[in-house]
Amino acid sequence: MQEGRITPRSTPLRRRLYLLAAAAIVPLALISGASVLLLVQQQRAQAERATLDLTRAMSVAVDAELQRALSALDVLSTSSALDHGDLSTFKQRCERVVSNQPGWMLVNLAEPSGRVAVSTGPSPEGTLTTLAEPESFSHVLRTRQPVIGHLARGPRGNFALPARVPVLRDGQLRYVLTAVLRPEAISRVVQRQRLPDDWVISVFDDQGLRVARSRGGDRFVGTPATPTLQALMSSGRFEGSGITRNLEGEESYTAFTRSHATGWSVAIGVPASAVYAGTYRSLVVYGGGLVLSLLLGLAAALFVGRGILRATRDLRDAAHAIGQGRVPASPASDILELQEVADALAASAAQQHAGAAERAKLYAEAQAARQHAEGANRAKDEFLAMLGHELRNPLAPIVTALRLMTLRNPEAHQTERRILERQVAHLTRLVDDLLDVSRFARGKVQLRRELVDIRDVAHRAMEMVQPLFDQRESPLKVELPAQPLYVSGDPVRLAQVVSNLLSNAAKFTPTRGRISLVVRQAGDKVEVSVEDTGAGIGPELLPRVFELFVQGQQALDRQAGGLGLGLAIVKTLVELHGGTVSAASEGEGHGSRFTVTLPRATASEVVAGAAPPMPVPAANGRRVLVVDDNIDAADTLARLLDSYGHVVRTAGTAPQALAMLSDYRPELAILDIGLPGMDGYELARRLKADLRLQGLRMIALTGYGHEVDRARALAAGFEEHLVKPVPVDQLVGTIARLFAAAATTEAAAAGNGVTSPEGGA
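Residues in the sequence shown are numbered consecutively from 328, following the numbering used here.
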């Protein structure tokens, strides 16, 4: 900056800005902002307290009405007529009670089996009653406690509420006494509340269905809450408030209270205009002050900012010149800071002009490099997908042929078969590792979580690597907990983690060396450790052992094999499960220890996942169509399915498969996706549209194993998507499960076609 440009009139910019803020902004912001904020908070707090108090009182009134019905039933259940089995006298008493209770429709006395003993309604006595709301009946049988059921529609289309009490004699449940209440009983409680006409009261049962409403009468009985009210009440709390829209589309300030005794909810909506009316009046007052303050501030800004505006315009022109690649003249200003900025702009303009050409060159090079990298990455993904497909296609008939050899003569060529099975498994694993790495890099791995006992994971992993340990002199030492130890995760992926660690230990440990697998609980964590006395890990390799393609030194024969992907896959899968994995070794020749730590499942997760899976029945004797352009794969699969009792035909192309439909009606189609000409997706759509093939099940058996391939197969009509080579037991089990599910669906459809009238409630 040149000294000649600083004049006696130069004033620091900060001093002028302080003057402007003091004259207009500070008093306005502090007084108006604080006042409006306090006002809004006060109005909202007052509205919330008032409406919450009303909903609590209304909830108590509804509970009292429901409890009155239960109390009347309790008194009725102690009738001496039931002690002597005088059901006729008891029925007369029930009829008197119903006539004196305007909100009651009828009274039923039913045995635990459901047979009607006494009924004041249309249900024939001595017959089984069909309940429109059976959950409350089952609740009484299970708990022997009175209960209020939820709203249900009767056989004549009218809504009703069941109130049920147990009838106990000598400690035994003899009957279930039920009173069927009309929603009008609750509506009367609502109408007794003297509230403004524009307020709306709604009462909902424990299922969220509307039982009564102060506006609209019976038109809205049985309807759910509006979406905004549902969102408010779905928070899990027993009371709360917020802004919603009612059935008429009006914005309301709504409060709700959920009863601890019955689970019923009461919601009261107050028009938002009524809540904020006082706020609006106050805002007018404060708004006037705000406008006045703004006018005063504007006048001060016009006076003080005139000199600032002139200087900033000069700086703007200088900045435009710099943007156009010119070196501007330094503007003169009587404001010290603006003058310093002007001089700095002039000085930097020359530097920017000199570096612009270099930056343009670097940017062009960076863009070219990025486009090249993106193209290489796409080519890599496409290559890996095609590689997986092309490698899996020949593996599938090999696996199937080996299984056929075993089924035909289990004793023949056992050694040769085991060799082939091990080598095919090794090839399959290498293909899966390559594709897993591609999926990890693109973030496409999806876990299929479920509650799993880590001991089952350990057993599955040991089965996967059993061929490696059959060749060892020293057996695998295993320590598992006596009790189940649950985690939330993908059992297949977790077994892959443990099997990778075990196979890695087996590869780098002599046959006489020791390998141990230990599973234990560590607080709220689960630890799985694999320790060996093998080759160990050098200190320079230990920090990088979980990186892609990192391997220790191997002999020329590469007996250990592998691509350096296993531990990288382990680390990624463990981290996807929210866990950690670590490696430890004292150096080469001193063995190693790998430890996986996973979060232990909570008690609620264990209870939720405790239900055992339903057994899958066999599905033999089905007509099956196999379509695969790999003749060996199609023939071996056909022979295998034939050995399980299925009737199988094969085709090499989609037109051949469609031509067979003239004299063959398959119940199951197993289709390859990569067919020549018409692919498997199009063939599946045509089969699905063929009216001659009602109930046809379809399985996609393909070498394309990405999630996008699975989604596309399901969209084309396939029920299952299996990746080659698929284990025979998995394929057979999948077929059985599909037909078991079809049988269950047909049975359910047949059951839904029978309409039973309601008897008691």
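C-beta: ideal position from N, C-alpha, C; glycine also.
Residue environment for VAL611: exposed (fewer than 16 other C-beta atoms within 10 angstroms of its C-beta). Between ARG1037 and LEU1065, the C-beta gap is not smaller than 8 angstroms, which leaves the two residues out of contact. About 16 angstroms separates the CB atoms of PRO461 and VAL492; that is not less than 8 angstroms, and the two are not in contact. Straight-line measurement puts the Cα of GLY1030 at about 35 angstroms from the Cα of VAL853.
Restricting attention to beta strand (DSSP E) runs no shorter than 3 residues, the region 422–457 encloses them at 431–437, 443–446, ordered along the chain. Per DSSP, ALA862 has no beta-bridge partner at all. When DSSP reads this structure, PRO493 sits in a beta bridge with VAL503. MET1025 sits in a strand when the DSSP states are folded into three classes. Secondary structure of LYS418 (DSSP, three-state): helix.
In its chain, beyond the 5 residues on either side, SER912, GLY914, GLU915, GLY916, HIS917, GLY918, SER919 have a beta carbon closer than 6 angstroms to the beta carbon of GLY863. Counting the other Cβ atoms within 10 Å of the Cβ of ASN827 gives 16 or more, which makes it buried. In the three-state scheme derived from DSSP, where H, G and I count as helix and E and B as strand, ASP525 is classed as coil.
In the DSSP assignment, THR581 falls within the unbroken beta strand (DSSP E) covering 578–585.
Contact between LEU478 and GLY549 holds: CB atoms are separated by about 6 angstroms, below the 8 angstroms threshold. In the structure shown, the three-state DSSP call for PHE486 is strand. DSSP places ILE781 in the helix class (H, G or I) of the three-state scheme. Rounded to whole angstroms, the Cβ separation of GLY430 and ALA512 is 3 angstroms, and the two are in contact under 8 angstroms. Counting of Cβ neighbours within 10 angstroms places PRO1054 among the exposed residues, the total staying below 16. Residue environment analysis places GLU858 among the buried positions, since at least 16 neighbouring C-beta atoms fall within 10 angstroms of its C-beta.
The residue from THR454, LEU495, ARG927 with its alpha-carbon nearest to that of LEU409 is LEU495.
Taking C-alpha positions only, GLY865 is separated from ARG871 by approximately 10 angstroms. Within its own chain, the residues whose Cβ lies closer than 8 angstroms to the Cβ of LEU1049, once the five positions on either side in sequence are excluded, are ILE1026, ALA1027, LEU1028, THR1029, GLN1057, LEU1058, THR1061, listed in chain order. Excluding residues up to 5 positions away in sequence, VAL474 lie with their Cβ nearer than 6 angstroms to the Cβ of HIS466 in the same chain. It is roughly 36 angstroms from the alpha-carbon of TRP591 to the alpha-carbon of ASP413. Taking the Cβ atoms as the reference, ARG537 lies roughly 6 angstroms from SER529, within the contact range of under 8 angstroms. Annotation for ARG572: no alpha helix (DSSP H) segment contains it, though the beta strand (DSSP E) segment containing it runs 566–572. Closest in alpha carbon position to LEU504, among ASP497, GLY1004, LEU925, ALA490, is ALA490.
In its chain, beyond the 5 residues on either side, TYR580, VAL597, VAL602 have a beta carbon closer than 7 angstroms to the beta carbon of ALA374.
Among the bridge pairs identified by DSSP, TYR991 is matched with none. Rounded to whole angstroms, the gap between the alpha carbons of PRO451 and LYS418 is 13 angstroms.
Within the same chain, and ignoring the five residues on either side of VAL424 in sequence, the residues whose Cβ sits closer than 7 angstroms to its Cβ are ALA399, LEU403, VAL434. Contact between ASP959 and LEU1002 fails: their C-beta atoms lie close to 16 angstroms from each other, not under 8 angstroms.
Rounded to whole angstroms, the Cβ separation of VAL845 and ARG782 is 12 angstroms, and the two are not in contact under 8 angstroms.
Taking a 10 Å sphere around the C-beta of ARG585, we find 16 or more other C-beta atoms and assign the residue as buried.
PRO837 and ASP797 have their C-alpha atoms spaced approximately 13 angstroms apart. Taking 8 angstroms as the cut-off, the beta carbon of GLY1044 is found no closer than this to the beta carbon of ALA1067.
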